[in-house]
Amino acid sequence: MIKGKYFKQILTGVCCFLLCEAGFAKQKQKKESVSMKEYANIQSFLKENPEKLNKILKIQVDGKNLRTHFSKTECVYYETALLFFMGETVAGYTNVSSSSDPFYIIVDSQFKIKVQRGMRLYLSPVVYKEYTQGNAYGEEHKRLLSEEGYDKLADAEYMLVKGKTYFAVMREETYYLPPEKAEGDPEKAFHKVLYISDEEFYRSEPEKEKTPSSDWTY
């Protein structure tokens, strides 16, 4: 049987060890957090890391926790679309809602880059539900099926979630601005664009269709 004073010494030693371990873990976490460099956008990131242009990157996402429109699934970015089908072919879609909050991509566990505009997503829907005349809900769904002649509809939610690995490519795209004078030529301009997919790229090209979105702006 361990006597009182020896038990106290052992207990004190164990407590000291646990405190040291906790302190070490906290210091390590702080060090990792400090070592990750942040950038305001992909332009500033590529300015310091030009070798990353057109390279396939494995990334993760971070940011404010949001809830999707229909399923209330937690994510950092989402786009919700209503798809219109003729047979098994998507004939069109309308964007129901999409998030506008900025989020971050984590590259190589070293760089944290803010993203808000200038991106193109190539994702499979995380939540997907089809409707026909038999289970359609709401007047708009019923009207689209009866008056517009679509064979079926589908609610589709595309999202970026924490903890999942995505594939990304940063590119430079060309576009043209209207001339300053009526008789002038359009002005050529360049912009850095971020492509994100939940599947690997083939020669820097996405393997699937672009995710439906309400608009596209640089």
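Each number in this note's numbering corresponds to the 1-based position in the sequence shown with 526 added.
Using N, Cα and C, we set each Cβ at its ideal position, and we do this for glycine too.
With fewer than 16 neighbouring CB atoms inside 10 Å of its own CB, Glu-726 falls in the exposed class.
Judged by DSSP in its simplified three-state form, Glu-706 adopts coil rather than helix or strand. Between Tyr-648 and Lys-736, the CB-CB gap stays under 8 Å. Leu-670 and Ala-682 have their C-alpha atoms roughly 16 Å apart. In the DSSP assignment, the residues bridged to Val-587 are Ile-631. A distance below 8 Å between beta-carbons, with the five flanking residues on each side excluded, links Phe-693 to the following residues of its chain, in chain order: Ile-582, Leu-583, Lys-584, Ile-585, Ile-722, Ser-723, Asp-724, Glu-725, Glu-726 and Phe-727. With contacts defined as CB atoms closer than 8 Å, Ala-715 and Tyr-676 fail to qualify as a contacting pair. Following the DSSP letters along the chain, one finds Phe-571 inside the alpha helix (DSSP H) bounded by residues 568-574. Secondary structure note for Leu-671: its alpha helix (DSSP H) is the uninterrupted segment 665-672. For Val-641, the closest of Asn-621, Glu-706, Asp-588 and Thr-700 by C-alpha to C-alpha distance is Asp-588. Between the stretch 625-644 and the stretch 655-667 there are fewer than three C-beta pairs closer than 8 Å, too few to call the two in contact. Beta-bridge analysis with DSSP links Ser-730 to no other residue. For the options Pro-576, Asp-711 and Val-653, the alpha carbon positioned closest to that of Lys-598 is the one of Val-653. In the DSSP assignment, Val-695 is bridged to Tyr-721. Tyr-565 counts as buried, since at least 16 other C-beta atoms from the protein chains shown sit within 10 angstroms of its C-beta. DSSP, reduced to helix, strand and coil, places Ser-626 outside both helices and strands of the structure shown, so it counts as coil. Taking 8 Å as the cut-off, the Cβ atoms of Leu-572 and Lys-578 count as close. Only residues of its own chain outside the window of five on either side were considered, and among them Leu-608, Leu-609, Phe-611, Tyr-654, Lys-655, Glu-656 and Tyr-657 have a CB closer than 8 Å to the CB of Ala-680, listed in chain order.
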